[in-house]
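Chains as they are written, first to last, in our numbering: chain A, 1 to 115; chain B, 116 to 516.
Before any comments, here is the structure.
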């Protein structure tokens with residue numbers, strides 16, 4: 001685990017959001033400075049998280065709403081710890097039935113056969 | 116920004132353009148090579164057309180809207196000679212709008228080379244007549260229609276790129292201008308939020324109906340408007356992408372919903388519905404790529420379109436300049452030759468949202484004054500059109516009932 005990484009900033013759009021969006025790439029263990037309407041604070045990234053991706057700011061139980069912009073953008077498909085990467089492997093759309101079939105790194109669909 | 120004014124082209128119908136382009140229109144794929152060759156090497160000549168041999172009312176309306184767009188001074192229509200879509204009738208409609216227009220069938224004028232030569236002659240004559248007819252006239256914000264489209268969205272699009280465009284839309288509408296946004300399939304999950312922005316009960320009803328049709332479309336085709344690149348860029352669901360995409364509408368009341376090739380009835384902020392209607396062929400596809408949506412915004416009369424791209428894109432547009440905005444500093448650095456505006460400076464704290472929107476408005480005024488946008492400078496003039504059905508009879512009545 002790398003320590004003393006230069007701080008990466010993450011933006012929390014709404015004070016009630018339980019995720020923030022990274023404005024740079026964060027290595028596992030690096031400190032993230034969260035900014036936004038809820039004020040400034042630090043959180044450690046539990047894993048590598050890239051620019052534009054989301055970090056959990058609080059514990060999120062399975063089945064609980066994930067909020068960004070003050071609106072529900074998905075549902076946790078398993079328990080998520082603070083500092084974890086929130087994405088396709090643990091967050092699912094309430095509407096899109098293909099959600100859950102996408103590769104967590106590339107986003108490529110896995111629900112069609114190509115045969 | 117406050118007192119910007121520039122010279123535009125006054126058209127016979129009273130509308131004002133910011134460019135004086137000529138347009139070549141092909142009426143079937145078989146005529147597209149000749150059409151492209153006619154335009155080759157002619158800086159002011161753009162090409163649009165329809166690939167199908169069987170005509171489509173939606174496609175004809177869109178081609179007519181572009182051929183009589185205020186940025187267009189004259190039109191040449193080229194057909195092969197077998198197809199349903201009639202180049203002579205398009206030319207006639209253009210002449211009725213007060214613009215010079217010519218048309219011919221390739222089969223009546225020999226082959227490839229003789230048709231290209233004839234087309235080049237006609238373009239030279241059209242240019243002479245369009246230049247003579249062009250009346251340069253002062254123009255202000257109130258006479259601008261600006262469209263906004265996004266593509267290649269990622270995690271910062273909803274934080275910087277789209278909100279800065281939304282703020283610029285607020286400024287434009289406050290100054291009496293017209294702003295149009297589209298991509299209803301990227302508002303999925305936001306029904307109540309959309310309706311809360313309605314300017315009137317009628318607008319609320321239109322917004323609700325438009326949302327319900329789009330949701331029905333997504334369910335029917337089992338496809339939501341979120342792509343692998345969006346996921347790779349950090350967006351996890353359509354709901355998350357929708358919030359970012361909707362931010363480009365700013366905060367002004369929404370006056371109502373227009374459909375493809377319709378013009379906003381008055382100034383203010385409008386939503387454009389490009390989703391096909393349900394009919395006997397089922398919906399067909401909506402928003403197959405970014406260029407289609409951009410063409411729909413231009414067909415509504417937009418003289419300029421703002422294109423917000425987080426991951427980066429290298430498209431431009433026929434008929435009206437595209438201004439490319441990114442909220443991602445990395446994309447701006449990697450694609451500086453293509454990106455007109457770096458909204459990522461808001462996230463790094465270099466600019467406030469208001470300062471960025473004001474700078475973007477000044478860039479819009481510069482492009483309206485004749486300064487080429489980066490896609491224009493690179494020679495981009497993408498166009499896309501395919502079969503679609505809007506304003507169709509009911510499912511039971513059938514297409515030709």
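Built from N, CA and C at the ideal position, the CB exists for glycine as well.
Values in this document were obtained by computation on a predicted structure and should not be read as measured data.
Legend entry - Reference residue 45 (chain A), options A:19, A:85, A:68, A:11, closest by Cα: Here residue 45 (chain A) refers to the residue found at position 45 when the first chain is read from its first residue. With distances taken between Cα atoms, residue 45 (chain A) lies closest to A:85.
Legend entry - Continuous alpha helix (DSSP H) stretch holding residue 243 (chain B): start and end: Taking the first residue of the second chain as position 1, residue 243 (chain B) is located at position 128. Counted as a single uninterrupted DSSP element, the alpha helix (DSSP H) harbouring residue 243 (chain B) occupies residues 227 to 248.
Legend entry - Interface positions of the stretch 343 to 356 of chain B facing chain A (Cβ-Cβ less than 9 Å), listed along the chain: Within the stretch 343 to 356 of chain B, the qualifying residues are 343, 344, 345, 346, 347, 348, 349, 350, 351, 352, 353, 354, 355, 356.
Legend entry - residue 280 (chain B) and residue 234 (chain B) closer than 8 Å at C-beta: For the purposes of this step, residue 280 (chain B) is taken as residue 165 along the second chain, with counting starting at 1. For the purposes of this step, residue 234 (chain B) is taken as residue 119 along the second chain, with counting starting at 1. No, Cβ-Cβ distance for residue 280 (chain B) and residue 234 (chain B) is not below 8 Å.
Legend entry - Three-state secondary structure assigned by DSSP to residue 478 (chain B): Against the second chain, residue 478 (chain B) aligns to sequence position 363. Looking at residue 478 (chain B) - three-state DSSP - the assignment turns out to be helix.
Inset, instruction - Could you check which residue in A:19, A:12, A:13, A:111 has the C-alpha nearest to that of residue 64 (chain A)? - result: Working through the first chain from its first residue, we reach residue 64 (chain A) at position 64. The residue with the shortest Cα to Cα distance from residue 64 (chain A) is A:19.
Legend entry - Exposed unless 16 or more other CB atoms sit within 10 angstroms - verdict on residue 101 (chain A): Counted from its first residue, the first chain places residue 101 (chain A) at position 101. Looking at its Cβ environment, which holds fewer than 16 other Cβ atoms inside 10 Å, residue 101 (chain A) is exposed.
Inset, instruction - Return no unless some Cβ of chain A is closer than 8 Å to the Cβ of residue 279 (chain B). - result: The residue labelled residue 279 (chain B) in the question sits at position 164 within the second chain. Not closer than 8 Å to any Cβ of chain A, the Cβ of residue 279 (chain B) fails to qualify, so no.
Inset, instruction - Taking only beta-carbon positions, decide if residue 303 (chain B) is within less than 8 Å of chain A. - result: Looking up residue 303 (chain B) in the second chain gives position 188. With respect to chain A, the C-beta atom of residue 303 (chain B) has a partner C-beta closer than 8 Å.
Inset, instruction - Give a yes or no on whether the C-beta atoms belonging to residue 386 (chain B) and residue 264 (chain B) are separated by under 8 Å. - result: As a first step, residue 386 (chain B) is located in the second chain; it is residue number 271 there, counting from the start. As a first step, residue 264 (chain B) is located in the second chain; it is residue number 149 there, counting from the start. Contact flag unset, no.
Inset, instruction - Tell me whether residue 307 (chain B) sits in a helix, a strand or coil according to DSSP, three-state version. - result: On the second chain, residue 307 (chain B) is found 192 positions in, with the first residue counted as 1. Of the three classes helix, strand and coil, the one that applies to residue 307 (chain B) here is helix, per DSSP.
Legend entry - beta strand (DSSP E) runs contained entirely in the stretch 279 to 308 of chain B, provided each spans 3 or more residues: Taking only runs of at least 3 residues, the beta strand (DSSP E) segments lying wholly in the stretch 279 to 308 of chain B are 293 to 296.
Inset, instruction - With a threshold of 16 other CB atoms inside 10 Å of the CB of residue 114 (chain A), please say whether the residue is buried or exposed. - result: The residue labelled residue 114 (chain A) in the question sits at position 114 within the first chain. It counts as exposed.
Inset, instruction - Check whether the Cβ atoms of residue 295 (chain B) and residue 382 (chain B) lie closer than 8 Å to each other. - result: Mapped onto the second chain, residue 295 (chain B) falls at position 180. Mapped onto the second chain, residue 382 (chain B) falls at position 267. Judged by their CB atoms, residue 295 (chain B) and residue 382 (chain B) are not nearer to each other than the 8 Å cut-off.
Legend entry - First through last residue of the beta strand (DSSP E) which encompasses residue 264 (chain B): As a first step, residue 264 (chain B) is located in the second chain; it is residue number 149 there, counting from the start. Judged by DSSP secondary structure, residue 264 (chain B) falls within the beta strand (DSSP E) whose first and last residues are 260 to 265.
Inset, instruction - Check the DSSP bridge columns for residue 164 (chain B) and list the partner residues they point to. - result: As a first step, residue 164 (chain B) is located in the second chain; it is residue number 49 there, counting from the start. Beta-bridge pairing links residue 164 (chain B) to B:141.
Legend entry - Beta-carbon spacing of residue 353 (chain B), residue 14 (chain A) below 8 Å: Walking along the second chain from the start, residue 353 (chain B) turns up at place 238. Walking along the first chain from the start, residue 14 (chain A) turns up at place 14. Contact: no.
Legend entry - Beta carbon proximity, residue 516 (chain B) to chain A, threshold 8 Å: Residue mapping note: residue 516 (chain B) aligns to position 401 of the second chain, counting from 1. Confidence at residue 516 (chain B) is low in this model, with a pLDDT of 41, below 50, so its placement is unreliable and the value that follows should be read with caution. False, the Cβ-Cβ gap to chain A never drops below 8 Å.
Inset, instruction - Give the straight-line distance between the Cα atoms of residue 390 (chain B) and residue 344 (chain B), rounded to the nearest whole angstrom. - result: Numbered from its first residue, the second chain carries residue 390 (chain B) at position 275. Numbered from its first residue, the second chain carries residue 344 (chain B) at position 229. For residue 390 (chain B) and residue 344 (chain B), the distance between alpha carbons rounds to 22 Å.
Legend entry - Within-8 Å CB hit, residue 462 (chain B) to chain A: One-based indexing of the second chain puts residue 462 (chain B) at position 347. Judged by the 8 Å Cβ criterion, residue 462 (chain B) is in contact with chain A.
Inset, instruction - Assess, as a yes-or-no matter, whether the stretch 299 to 307 of chain B is touched by the stretch 499 to 506 of chain B under the definition of 3 or more beta carbon pairs within less than 8 Å. - result: No, they do not touch.
Legend entry - residue 518 (chain B) versus residue 458 (chain B): straight-line alpha-carbon distance, rounded: No statement about residue 518 (chain B) is possible, as the shown extent of chain B runs from 116 to 516 and does not include it.
Inset, instruction - Taking a Cβ distance cut-off of 8 Å, strictly less, list which residues of the stretch 415 to 428 of chain B are near chain A, in chain order. - result: Within the stretch 415 to 428 of chain B, the qualifying residues are 425.
Inset, instruction - Indicate whether residue 440 (chain B) and residue 276 (chain B) have their beta-carbon atoms separated by less than 8 Å. - result: Here residue 440 (chain B) is taken as the residue at index 325 of the second chain, counted from 1. Here residue 276 (chain B) is taken as the residue at index 161 of the second chain, counted from 1. Taking 8 Å as the Cβ cut-off, residue 440 (chain B) and residue 276 (chain B) qualify as a contacting pair.
Inset, instruction - Taking only runs that begin and end inside the stretch 315 to 378 of chain B, name each unbroken beta strand (DSSP E) of 3 or more residues, in chain order. - result: Within the stretch 315 to 378 of chain B, the complete beta strand (DSSP E) runs of at least 3 residues are 369 to 374.
Legend entry - Status (buried if at least 16 other CB within 10 Å, exposed otherwise) for residue 182 (chain B): Position 67 of the second chain, counted from the start, is the residue given in the question as residue 182 (chain B). When all chains shown are included, residue 182 (chain B) counts as buried.
Legend entry - Element boundaries [alpha helix (DSSP H), containing residue 42 (chain A)]: For this step, residue 42 (chain A) is matched to residue 42 along the first chain. Run containing residue 42 (chain A): none in the alpha helix (DSSP H); it sits in the beta strand (DSSP E), 41 to 44.
Inset, instruction - Quick one: grab the DSSP three-state call for residue 136 (chain B). - result: Sequence index remark: in the second chain, residue 136 (chain B) carries index 21 (1-based). In the three-state reduction of the DSSP assignment, residue 136 (chain B) falls in the strand class.
Legend entry - Reference residue 339 (chain B), options B:301, B:420, B:241, B:231, closest by Cα: Locating residue 339 (chain B) in the second chain gives position 224, where the first residue counts as 1. Residue 339 (chain B) has its Cα closest to that of B:301, out of B:301, B:420, B:241, B:231.
Legend entry - C-alpha distance - residue 77 (chain A) paired with residue 184 (chain B), whole-angstrom precision: Within the first chain, residue 77 (chain A) is the residue found at index 77, counting from 1. Within the second chain, residue 184 (chain B) is the residue found at index 69, counting from 1. Looking at the backbone, the Cα of residue 77 (chain A) and that of residue 184 (chain B) are separated by about 50 Å.
Legend entry - Neighbour flag for residue 161 (chain B) against chain A, beta carbons, 8 Å: Taking the second chain and counting its residues from 1, the one referred to as residue 161 (chain B) is at position 46. No, residue 161 (chain B) does not count as interfacial toward chain A.
Legend entry - Between the CA atoms of residue 312 (chain B) and residue 32 (chain A) - distance to the nearest angstrom: The sequence position of residue 32 (chain A) within the first chain is 32, counting from 1. The sequence position of residue 312 (chain B) within the second chain is 197, counting from 1. Cα-Cα distance, rounded: 35 Å.
Legend entry - Limits of the unbroken beta strand (DSSP E) element including residue 22 (chain A): One-based indexing of the first chain puts residue 22 (chain A) at position 22. Note, residue 22 (chain A): beta strand (DSSP E), 19 to 22.
Inset, instruction - Tell me where the beta strand (DSSP E) around residue 173 (chain B) begins and ends. - result: The residue you call residue 173 (chain B) lines up with position 58 of the second chain. Premise fails: residue 173 (chain B) lies in the alpha helix (DSSP H), 172 to 182, not in any beta strand (DSSP E).
Inset, instruction - Express the C-alpha separation of residue 174 (chain B) and residue 267 (chain B) in angstroms, rounding to a whole number. - result: Walking along the second chain from the start, residue 267 (chain B) turns up at place 152. Walking along the second chain from the start, residue 174 (chain B) turns up at place 59. Whole-angstrom Cα-Cα distance: 26 Å.
Inset, instruction - Name the residue from B:327, B:289, B:224, B:348 whose alpha carbon lies nearest to the alpha carbon of residue 427 (chain B). - result: By one-based count along the second chain, residue 427 (chain B) stands at place 312. That would be B:348, whose Cα lies nearest to the Cα of residue 427 (chain B).
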